[in-house]
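**Student:** The opening position of the sequence shown corresponds to residue 1231 in the numbering used here, with each subsequent residue numbered one higher. Cβ atoms here follow ideal geometry from the backbone N, Cα and C, with glycine treated the same way. Values in this document were obtained by computation on a predicted structure and should not be read as measured data.
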Amino acid sequence: MGTPLIPRRTPLYQEIANGIIEEIRRGAIKVNRRIPSEKTLMQRYGVSKLTARHAVAFLRERGWVFTVPYRGTYVNQPEKWPEENRGS
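#1: I need the straight-line Cα distance from residue 1264 to residue 1290, nearest angstrom please.
#2: Do residue 1255 and residue 1266 have their C-beta atoms closer together than 8 angstroms?
#3: Using CA atoms only, rank isn't needed, just tell me which of 1308, 1244, 1310, 1239 is closest to residue 1286.
#4: I'd like to know whether the C-beta atoms of residue 1258 and residue 1272 end up nearer to each other than 8 angstroms.
#5: Could you tell me which residues DSSP puts in a beta bridge with residue 1296?
#6: Can you name the residues that DSSP bridges to residue 1256?
#7: How would you call residue 1268, buried or exposed, if buried means at least 16 neighbouring beta carbons within 10 angstroms?
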């Protein structure tokens, strides 16, 4: 009998997205600048394409980023961010 699997409290895609949010908050990734590509996220975090894609979708659904087809995904204007994360 092996060790039982302990479920994650936070899904991996959300942990990745939270890391990108922190980079945005501290200004490491600026407004209207591209976030790392799915391929880069896959390599950086050692995850599948699906997990990287879920992380980007999580950010997009919450207003942190927007995607331009064939160009990339960019940081949105702060007024588009979730209300609790906007600067005062």
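**Tutor:** According to the structure data:
#1: Residue mapping note: residue 1264 aligns to position 34 of the sequence shown, counting from 1. Residue mapping note: residue 1290 aligns to position 60 of the sequence shown, counting from 1. Rounded to whole angstroms, residue 1264 to residue 1290 spans 13 angstroms at the Cα level.
#2: Residue numbering aside, residue 1255 sits at position 25 when the sequence shown is read from its first letter. Residue numbering aside, residue 1266 sits at position 36 when the sequence shown is read from its first letter. It is not a contact, given that the beta carbons lie outside the stated cut-off.
#3: Counted from its first residue, the sequence shown places residue 1286 at position 56. Here the closest residue by C-alpha is 1244.
#4: Position 28 of the sequence shown holds residue 1258. Position 42 of the sequence shown holds residue 1272. Against a cut-off of 8 angstroms, the Cβ pair of residue 1272 and residue 1258 comes out as no contact.
#5: In the sequence shown, residue 1296 corresponds to position 66, counting from 1. Looking at the DSSP assignment, residue 1296 forms a beta bridge with 1304.
#6: Start at 1 with the first residue of the sequence shown, and residue 1256 comes out as number 26. Looking at the DSSP assignment, residue 1256 forms no beta bridge with any residue, so it has no partner.
#7: Taking the first residue of the sequence shown as position 1, residue 1268 is located at position 38. Residue 1268 should be labelled buried.
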